[in-house]
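Enquirer:
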Amino acid sequence: MTTSTSSSSSHHLSPAFPGRAPWGTAGRLRAWQQGAMERYINEQPRDFLAVATPGAGKTTFALTLASWLLHHHVVQQVTVVAPTEHLKKQWAEAAARIGIRLDPEYSAGPLSRDYHGVAVTYAGVGVRPMLHRNRVEQRKTLVILDEIHHAGDSKSWGEACLEAFEPATRRLALTGTPFRSDTNPIPFVVYEEGNDGIRRSAADYTYGYGSALSDGVVRPVIFLSYSGNMRWRTKAGDEIAARLGEPMTKDAVSQAWRTALDPRGDWMPNVLSAADRRLTEVRKAIPDAGGLVIASDQDSARAYAKLLREVTGERATLVLSDDTGASGRIDDFSAGDDRWMVAVRMVSEGVDVPRLAVGVYATTISTPLFFAQAVGRFVRSRRRGETASVFLPTIPDLLGFANEMEVERDHVLDKPKKDGGDEDPYAESEKEMAEANREQDEDTGEQEALPFEALESDAVFDRVLYDGAEFGMQAHPGSEEEQDYLGIPGLLEPDQVQMLLQKRQARQIAHSRKRPDDEADLLELPAERRPVVSHKELMELRKQLNTLVGAYVHQSGKPHGVVHTELRRVCGGPPSAEATAGQIRQRIAKIQEWATRMR
């Protein structure tokens, strides 16, 4: 490498930036960023996987490292690969601020000597992998793979990344959510086999949400969950009514959930109104705090924006696609102080709008990866004491994810072997994960998946989830009890949030006890005593019932069908496949009683 070549790679870098001075003297990095830098510099690996929770500052770490590698002539150029067009431009802007010039519009041919490298998308690499391979073969290159799990989105993307960047001098992989629902291997990620024989991704440096929360790098998240009665008509013409959070079949959960999100019902207007009241409270302490509604499709997004206009009297920023106009609208919203933005999924990952403090999860995607990415939009901390608030429907999977915010996950490359015919625990989310990774404007076909017609919905404040604990009793929208939780101050230390939630629940319970029983039209039990039963738990109950029926058949000599019919006659309710957890438990108790009598 000649002197002139190396100097052209770094002469634009700011003298104040760590890469120009002996590294570590600038004192601008967070502790985890400094720790990751020290590990990298000590080990000098060709591949390095850094897992850091959304909002922790992965971009700053990566650009600091890029600066160091350019300054020390380890590499001569940088290629950043990002999931979306917007993020590609965001990387180029962040790099420019510290003197690294990346071309976000690069498409082909020689790169101007004014640039230190390029910023491209995974889709762009997928179209022309040999173009990028030629570039990294000609000059020593650092490749930064942002949100590296996207390289496993499709076989072609993974293969293209391998082909394009296999010759790279150094590769830095970044992610806030390294786990996937499928088993597509992620390029340049090391997998290590555990004692159970299953290979899992191995990160070189991990900085999880729990650690970031302790360090004050991210905000604590308060989840506000809303239940309510749903009614819909199936394709067969049957009208079904159910309450969100009650045990039901997987298909019924899906249809009840979609009924709740239907903008023509009462659930969404009530939840959006509650979220706006929460935003008003937060803005008392954080004047520019903004809210984001994550919608499933464009029609819903437009309808939600219209509802927000009716609720607030202000126009909401509407982001429908990942095009140049959408990118500009996100930037304008980020720089302004408007109250609300509505987006179709695309703001769920990587997009940096630090003032977002209130969210509404109005999509039916239920994978842990997408949920973590979505919540990650609200956790970036700007000053001590800020809290984030995310509104959810009372869906078992979502409440489970909310209660496991601090759990660190790895990408599992091998599926566990099935035992005794149990269903594959990964299968349920694979289809949804594929859907979440589609082009944002593409028709997902979701509406045709389970044909039904939403008829009506209402909303009930259900519970607050915070730090793995659940608080609150059910309350009507607009009630004092609901406002108790919506009115929690926007600036609080994490332990103060916990203490305040305990006090609010205690006050609610005390009010409830003073009221005559005949005035209670909602289930007046604290959240921790109202468990939400998941589809998996419902399956276990059915399995237990079937085992007991089988044993009773052997004892009594009666056919299976006769026993099940008799149980339905005595206990009431629909066939087992459609029965709730409470109805199945009742039948379990009844057949145990019958079996005891026969002994």
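So that you can map any letter, position 94 of the sequence shown is 87 in our numbering, and since no number is skipped, the others follow by simple counting.
C-beta: ideal position from N, C-alpha, C; glycine also.
Source: prediction; values computed, not measured.
#1: Pick out whichever of 570, 557 and 26 has its Cα sitting closest to the Cα of residue 587.
#2: How long is the line joining the alpha carbons of residue 494 and residue 562, rounded to whole angstroms?
#3: Helix, strand or coil for residue 334, going by three-state DSSP, please let me know.
#4: Which parts of the segment 184 to 228 are runs of the beta strand (DSSP E), unbroken and 3 residues or longer, counting only runs that do not cross its ends?
#5: Locate the beta strand (DSSP E) running through residue 355, then write down its first and last residues.
#6: When DSSP labels each residue in this structure, what does residue 108 get in the three-state scheme?
#7: For residue 638, count neighbouring Cβ atoms within 10 angstroms of its own Cβ and tell me buried if that reaches 16, exposed if not.
#8: Give every residue of the same chain whose Cβ lies closer than 6 Å to the Cβ of residue 480, excluding the five residues on either side of it in the sequence, and list them in chain order.
#9: Tell me where the beta strand (DSSP E) around residue 450 begins and ends.
#10: Can you tell me whether residue 125 is buried or exposed, with buried defined as 16 or more other CB within 10 angstroms of its CB?
#11: Using the C-alpha atoms, what's the distance from residue 576 back to residue 473?
#12: Straight-line CA distance for residue 143 to residue 453?
#13: Locate the beta strand (DSSP E) running through residue 497, then write down its first and last residues.
#14: Please determine, among 202, 578 and 277, the residue with the shortest C-alpha to C-alpha distance to residue 533.
#15: DSSP puts residue 382 in a beta bridge; with which residues?
#16: For residue 384, which option in 84, 63 and 355 has the closest C-alpha, if you only look at C-alpha atoms?
#17: According to the neighbour-count rule (16 or more other Cβ atoms, all chains shown, within 10 Å of its Cβ), is residue 382 buried or exposed?
#18: Cutting at 8 Å between CB atoms, please list the residues of its own chain near residue 93, excluding the five before and the five after it.
#19: Put residue 40 into one of helix, strand or coil per three-state DSSP.
#20: At which residue ranges does the segment 69 to 126 contain complete alpha helix (DSSP H) runs of 4 or more residues, listed in the order of the chain?
#21: With H, G and I counted as helix, E and B as strand and the rest as coil, what does DSSP make of residue 63?
#22: Between 585, 313, 52 and 506, which lies nearest to residue 89 when the distance is taken from Cα to Cα?
#23: Could you check the C-alpha separation between residue 368 and residue 249 for me, to the nearest Å?
#24: In angstroms with no decimal places, state the Cα-to-Cα distance between residue 560 and residue 390.
#25: List in chain order: all unbroken alpha helix (DSSP H) runs of 4+ residues lying wholly within the segment 253 to 316.
#26: Which residues bound the beta strand (DSSP E) around residue 454?
#27: Got a sec, what are the start and stop residues for the alpha helix (DSSP H) residue 561 sits in?
#28: What are the start and end residues of the alpha helix (DSSP H) that includes residue 598?
#29: By the three-class DSSP mapping on this structure, what secondary structure does residue 140 have?
#30: Mind the definition here: the segment 229 to 241 touches the segment 481 to 489 only if three or more C-beta pairs lie below 8 Å; say whether that holds.
#31: Here's the rule: buried if 16 or more other CB atoms are within 10 angstroms of the residue's CB, otherwise exposed. What is residue 547?
#32: Any heavy atom of the ligand ATP closer than 7 Å to the CB of residue 56?
#33: Identify which residue in 359, 333 and 504 has its Cα closest to the Cα of residue 281.
#34: Using 8 Å as the threshold, is the segment 192 to 206 in touch with the segment 223 to 230, meaning 3 or more CB pairs across them?
#35: Identify whether residue 163 lies in helix, strand or coil by the three-state DSSP scheme.
#36: Between the segment 19 to 39 and the segment 184 to 193, do three or more beta carbon pairs fall short of 8 Å?
Expert: The short version:
#1: 557
#2: 44 Å
#3: strand
#4: 184 to 186, 192 to 194, 198 to 200, 214 to 220 and 222 to 227
#5: 349 to 355
#6: coil
#7: Look at the range of the chain in this structure, -6 to 592, and you will see that residue 638 is not part of it.
#8: 274
#9: 445 to 450
#10: buried
#11: 34 Å
#12: 37 Å
#13: Premise fails: residue 497 lies in the alpha helix (DSSP H), 487 to 507, not in any beta strand (DSSP E).
#14: 578
#15: 215 and 351
#16: 355
#17: buried
#18: 5, 6, 56, 59, 60, 63, 71, 109 and 110
#19: strand
#20: 78 to 90 and 115 to 120
#21: helix
#22: 52
#23: 23 Å
#24: 30 Å
#25: 260 to 278 and 291 to 305
#26: 453 to 459
#27: 553 to 564
#28: Since the displayed the chain opens at -6 and closes at 592, residue 598 lies outside it and no answer follows.
#29: coil
#30: no
#31: exposed
#32: This structure lacks the ligand ATP; in fact it carries no ligand of any kind.
#33: 333
#34: no
#35: strand
#36: no
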